[in-house]
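*Asks:* In UniProt numbering, the protein residues as written are 1 to 249.
1) Just to confirm the assignment, what range does the alpha helix (DSSP H) spanning residue 82 have?
2) Give the straight-line distance between the Cα atoms of residue 152 and residue 11, rounded to the nearest whole angstrom.
3) Alpha carbon to alpha carbon, how far is residue 70 from residue 125? Give it in angstroms, no decimals.
4) For residue 67 and residue 84, which I take to be in contact (beta-carbon distance under 8 Å), what is that distance rounded to the nearest angstrom?
5) Could you check the C-alpha separation between residue 39 and residue 143 for me, to the nearest Å?
6) Which runs of the alpha helix (DSSP H), 4 residues or longer, sit entirely within the stretch 73-127?
7) Among 80, 163 and 155, which has the Cα closest to the Cα of residue 111?
8) Bridge partners for residue 42 per DSSP, in chain order?
9) Roughly how many angstroms lie between the CA atoms of residue 149 and residue 163, to the nearest whole one?
10) With H, G and I counted as helix, E and B as strand and the rest as coil, what does DSSP make of residue 204?
11) Is it buried or exposed for residue 123, if we count other Cβ within 10 angstroms and need 16 for buried?
Next up, the structure:
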């Protein structure tokens with residue numbers, strides 16, 4: 001094989017190895033950290049449950065938010081938290097059977113619209129955001145989450161995932177655009193999920209916002225108005241001469 005042919009083969013091999021790596025860089029698979037435990041599927045309406053062992057709810061929420069920034073993250077809680085995205089809703093609950101573990105529920109938009117109780121979601125998520133992202137969610141069901149499915153049943157029961165489903169776990173696409181809107185009551189607390197008001201950004205030091213500090217001595221001196229000096233107008237000096245006019249004869 002000549003040199004030109006070998007170079008062509010070499011570049012084909014490099015491209016075949018590089019392109020899959022580049023495609024994978026934009027996605028994050030939860031299974032890398034949390035195993036898939038339960039599945040509910042009905043067409044485009046899907047719900048996937050992952051288990052975060054020995055992980056408190058706030059810690060699991062923070063880990064996911066760092067990988068993919070949500071439109072909103074609910075108030076920090078050890079029992080239940082929500083992360084709102086444009087294409088799905090993530091609910092993280094403390095496992096009642098094993099309080100040391102957290103259950104991570106990833107729901108599609110269709111699943112949210114077909115199952116959730118809207119009045120329940122409004123306790124955690126701003127209602128205008130529900131309208132914008134979930135097409136005026138009316139709350140077709142009374143569902144509240146995987147851990148509460150015994151009392152608030154979903155439209156389709158959960159089941160153990162198949163081997164094929166475990167191989168094709170839905171990835172979470174990384175998004176670096178947008179902002180995290182958090183509930184907050186303490187203006188000095190800028191941590192993720194802190195405080196209590198929705199869609200409110202607070203400066204780290206509100207006492208100094210919009211103020212200008214000046215030197216007092218300089219201010220006192222500058223406060224005294226000194227009118228500009230104007231030169232008085234003086235008419236030009238003229239000379240008058242007296243004499244006679246002689247005419248030639």
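Beta carbons are placed, not taken as given, at the ideal position from N, Cα and C, and that holds for glycine.
*Replies:* So, to answer that:
1) Counting from 1 along the chain shown, the entry for residue 82 is found at position 82. Segment 80-84 is the beta strand (DSSP E) holding residue 82; no alpha helix (DSSP H) there.
2) Sequence index remark: in the chain shown, residue 152 carries index 152 (1-based). Sequence index remark: in the chain shown, residue 11 carries index 11 (1-based). Approximately 57 Å between the Cα atoms of the pair.
3) By 1-based counting over the chain shown, the position of residue 125 is 125. By 1-based counting over the chain shown, the position of residue 70 is 70. Cα-Cα distance, rounded: 12 Å.
4) As a working note, residue 67 is residue 67 in the chain shown. As a working note, residue 84 is residue 84 in the chain shown. The Cβ separation is near 15 Å, so there is no contact.
5) Your numbering for residue 39 matches position 39 in the chain shown. Your numbering for residue 143 matches position 143 in the chain shown. So the alpha carbons of these two residues sit roughly 15 Å apart.
6) 109-115 and 118-121
7) The residue given as residue 111 occupies position 111 in the chain shown. Measuring from the Cα of residue 111, the nearest candidate turns out to be 155.
8) Start at 1 with the first residue of the chain shown, and residue 42 comes out as number 42. Answer by DSSP bridge pairing, in chain order: 45.
9) Residue mapping note: residue 149 aligns to position 149 of the chain shown, counting from 1. Residue mapping note: residue 163 aligns to position 163 of the chain shown, counting from 1. Between residue 149 and residue 163, the C-alpha separation is close to 24 Å.
10) Translated into the one-based positions of the chain shown, residue 204 becomes position 204. Only weak support exists for where residue 204 lies, its pLDDT of 45 falling under 50; the value from the coordinates is given anyway. Residue state, collapsed to three classes: coil.
11) Here the question's residue 123 lines up with position 123 in the chain shown. Label assigned to residue 123: exposed.
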